[in-house]
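Just so you know, the numbering used here puts 320 at position 252 of the sequence shown, and the rest follows in order with no gaps. For reference, the structure is listed below as C-alpha cells.
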Amino acid sequence: MSKKRVTILGSTGSIGQSTLDVIARNHSDYQVFALVAGRNVEQMVKDCQSFTPMFASMSCPQANAQLQDHLSALNSATQVIDYNSELALVCQHKDVDVVMSAIVGAAGLLPTLHAIEAGKTVLLANKESLVMSGQLFMDKVREHRATLLPIDSEHNAIFQCMPGAIKEQGEQQLRAHGVSKILLTGSGGPFRERALDTFADITVAEAVAHPNWSMGQKISVDSATMMNKGLEFIEAKWLFNAAVEDIEVVIHPQSMIHSMVQYSDGSVLAQMGQPDMRTPIAHALAYPQRIDAGVAPLDFSQMKDFSFHAPDFNRYPNLRLAIEACKQGQAATTVINAANEESVAAFLAGKIRFTDIYAVNAQVLENMKLDYRADLDGILQCDADARVQATKLIQTRIK
Numbered sequence: 069m070s071k072k073r074v075t076i077l078g079s080t081g082s083i084g085q086s087t088l089d090v091i092a093r094n095h096s097d098y099q100v101f102a103l104v105a106g107r108n109v110e111q112m113v114k115d116c117q118s119f120t121p122m123f124a125s126m127s128c129p130q131a132n133a134q135l136q137d138h139l140s141a142l143n144s145a146t147q148v149i150d151y152n153s154e155l156a157l158v159c160q161h162k163d164v165d166v167v168m169s170a171i172v173g174a175a176g177l178l179p180t181l182h183a184i185e186a187g188k189t190v191l192l193a194n195k196e197s198l199v200m201s202g203q204l205f206m207d208k209v210r211e212h213r214a215t216l217l218p219i220d221s222e223h224n225a226i227f228q229c230m231p232g233a234i235k236e237q238g239e240q241q242l243r244a245h246g247v248s249k250i251l252l253t254g255s256g257g258p259f260r261e262r263a264l265d266t267f268a269d270i271t272v273a274e275a276v277a278h279p280n281w282s283m284g285q286k287i288s289v290d291s292a293t294m295m296n297k298g299l300e301f302i303e304a305k306w307l308f309n310a311a312v313e314d315i316e317v318v319i320h321p322q323s324m325i326h327s328m329v330q331y332s333d334g335s336v337l338a339q340m341g342q343p344d345m346r347t348p349i350a351h352a353l354a355y356p357q358r359i360d361a362g363v364a365p366l367d368f369s370q371m372k373d374f375s376f377h378a379p380d381f382n383r384y385p386n387l388r389l390a391i392e393a394c395k396q397g398q399a400a401t402t403v404i405n406a407a408n409e410e411s412v413a414a415f416l417a418g419k420i421r422f423t424d425i426y427a428v429n430a431q432v433l434e435n436m437k438l439d440y441r442a443d444l445d446g447i448l449q450c451d452a453d454a455r456v457q458a459t460k461l462i463q464t465r466i467k
C-alpha cells in the first residue's frame with residue numbers, strides 16, 4: 069500500500085511538531101508532502117532536511133526568503149513557494165491525501181477551506197475555523213465530501229466516544245442515537261485556585277505556564293482564561309450538530325479524561341490517556357486503524373486522584389462570554405474570536421493586564437452590530453471590524 073501524503077499547516081508549532089513525530093514513528097505509512105509555517109526558519113530548515121517535503125512555505129515574506137536561501141545552500145530538493153499566491157496548491161494538490169490544519173487563529177480559516185474544497189481528509193486542530201464560520205464550514209465539508217477529523221484532545225475524545233452512525237454519517241441528531249449530553253472537560257488552567265483579587269497582577273510568564281499541557285503562548289493564555297474551553301464549546305456545537313444545552317463544561321484538573329459522552333440509558337463513555345497531543349494526532353491520521361503514537365499508556369496503579377467540578381464563571385468570565393456568544397449565533401462567535409486574538413496578543417506584548425482580556429472581549433461584543441452576511445466575505449468583514457474595535461479599546465487600557 070502506498071504511503072499517505074500529508075501537508076502540515078503550522079508545522080513549526082506544537083501540533084505540527086507532534087505530527088512530524090508521529091509520522092517519523094510510522095514512516096513506512098506516511099510521507100510529508102508540504103510544510104507550512106509562520107516565521108521559525110531554523111525549525112523549518114531542520115524539518116525540511118529530516119522529511120524532504122516536496123514544498124515548503126512561510127507566511128512571513130522575510131522568513132520565506134531566508135528559507136529559500138538556506139535550502140538553496142543545502143541543495144535541498146524542497147521547493148519554496150509563495151504563501152499568499154500558492155498556498156492553495158499544497159492544500160489541494162492531487163497527490164495530497166491528508167491536510168493537518170494547525171495554524172493558530174483566524175489565519176487558519178482560508179487554507180483549511182482550500183483543503184475542504186478539494187475533498188481532502190482534514191485533521192482539524194484549528195478550532196477558530198469553526199468558531200468563525202461554523203455553518204459555512206460544515207456546509208462545505210458536506211458539499212465537497214471532505215473527511216473532517218477533530219484533533220483537539222477534547223473533540224477527538226468526544227468523537228471516539230460517539231456512536232458509529234454519528235462518526236460515519238455526520239449531521240445526525242444526537243438524541244436520536246441515544247446521546248443525552250456532551251461533557252467537555254478542562255483542567256481549569258494555572259489559576260484554578262488563585263485568589264480572584266490577584267488576577268490583575270498575573271504576569272505573562274504565569275499565564276503561559278500550563279500545569280498539564282505543552283502548548284504555544286496564545287493557546288496557553290486562552291487556557292488560563294478558559295476562553296479556549298469556550299472556543300471548544302462552540303467547535304463542539306458544529307462538529308457534532310449539537311444544541312447549546314447538549315454541551316456541559318466540567319473542570320477535571322488531572323487532564324486524564326479528555327472528554328465524555330453521556331447516553332440516555334445512564335452510561336457515560338470517557339476517553340482517557342496521557343495529556344499528549346500525539347494520541348489524537350495518531351488516532352486521526354490512521355482512522356479507523358491504530359498506530360504507534362510514542363505515548364505511554366496510563367498506569368492506573370499510580371493514579372490516586374480523579375476530581376471534577378463545575379466551572380466558576382466569576383473566575384472564568386471568558387468561558388461564560390463564549391457560551392453566550394454561541395447562543396447569539398455566528399457573527400457573535402466571530403466577534404469574540406477576533407477580539408480575543410487581539411486582546412491576548414496585547415497581553416502577551418505586556419500592553420494590558422490579564423483581566424483586561426475579558427474586559428476588551430466583552431466590550432467589543434457589546435459594541436458590535438451582528439448583522440453581517442453569513443457568506444465568507446461577510447465573515448471576514450465581521451472579523452476585521454471586530455479587530456478594529458478591539459484595537460481601539462486596547463489603546464484605552466494600555467498600562
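The beta carbon of each residue, even a glycine, is placed where N, CA and C say it ideally should be.
Should the segment 343 to 351 be regarded as contacting the segment 216 to 235, the criterion being three or more beta carbon pairs within less than 8 Å?
The segment 343 to 351 is in contact with the segment 216 to 235.
By Cβ distance, which residues of its chain are closer than 7 Å to residue 124, with the 5 residues on each side in sequence left out?
102, 103, 112, 116, 135, 146, 148
Leaving aside the five residues before and after residue 92 along the sequence, list all residues of the same chain whose C-beta is less than 7 Å from its C-beta, in chain order.
none
Would DSSP call residue 209 helix, strand or coil?
Residue 209 falls in the helix class under three-state DSSP.
Residue 271: buried (16+ other C-beta within 10 angstroms of its C-beta) or exposed?
exposed
Measure from the alpha carbon of residue 315 to the alpha carbon of each residue in 326, 330, 325, 154, then state which is nearest.
330
Verify the CB distance criterion: does residue 186 have a CB-CB separation below 7 Å to chain D?
Absent from the structure is chain D; it holds one protein chain and no more.
By DSSP's criteria, residue 171 is part of a beta bridge. Which residues make up the other side?
The partner list for residue 171 (beta bridge, DSSP) is empty, contrary to what the question assumes.
Is the segment 316 to 328 touching the segment 158 to 172 in the sense that three or more CB pairs, one from each, lie closer than 8 Å?
The segment 158 to 172, when compared against the segment 316 to 328, does not touch it at the 8 Å Cβ threshold.
Return the residue from the list 340, 452, 301 that minimises the CA-CA distance to residue 395.
301
Whole-angstrom Cβ separation of residue 387 and residue 379, contact assumed at under 8 Å?
The Cβ separation is near 6 Å, so the contact holds.
Under 8 Å by Cβ, that's how I've got residue 174 and residue 405 pegged, so tell me the actual separation to the nearest angstrom.
7 Å
Ignoring anything shorter than 3 residues, give me the beta strand (DSSP E) runs that lie fully in the segment 202 to 269, in order along the chain.
215 to 218, 247 to 254
DSSP on residue 147, reduced to helix/strand/coil?
The answer is strand: DSSP assigns residue 147 an E or B state.
Please state whether the Cβ-Cβ distance between residue 190 and residue 172 is less than 7 Å.
Between residue 190 and residue 172, the C-beta spacing is not below 7 Å.
Relative to the alpha-carbon of residue 434, which residue among 422, 412, 407 has its alpha-carbon at the smallest distance?
Nearest option by C-alpha distance: 407.
Near residue 119, what residues of its chain come up, given a Cβ to Cβ distance below 6 Å and the 5 sequence neighbours on each side ignored?
100
If distances are taken between C-alpha atoms only, which option among 312, 228, 391, 341 comes closest to residue 297?
Among 312, 228, 391, 341, the Cα nearest to that of residue 297 belongs to 391.
Could you work out which residue in 126, 185, 403, 110 is closest to residue 213 when comparing CA atoms only?
185
Throw me the rounded Cβ distance for the residue 106 and residue 122 pair, which I believe falls under 8 Å.
Not confirmed; about 20 Å, so no contact.
When you compare each of 370, 410, 352, 450 to residue 72 by their alpha carbons, which one comes out closest?
352
Residue 305: which of 264, 393, 176, 262 sits nearest, CA to CA?
393
Is the beta carbon of residue 339 closer than 7 Å to that of residue 240?
No, they are not a contact pair.
Note down the Cα distance separating residue 437 from residue 414, rounded to an integer number of angstroms.
When rounded, the separation of the alpha-carbon atoms in residue 437 and residue 414 is 24 Å.
Taking C-alpha atoms, which residue in 177, 203, 204 lies nearest to residue 192?
177
Counting along the chain, where does the alpha helix (DSSP H) carrying residue 93 start and finish?
82 to 93
Rank 252, 254, 97 by C-alpha distance to the C-alpha of residue 355 and give the top, closest one.
Of the listed residues, the one whose Cα sits closest to residue 355 is 97.
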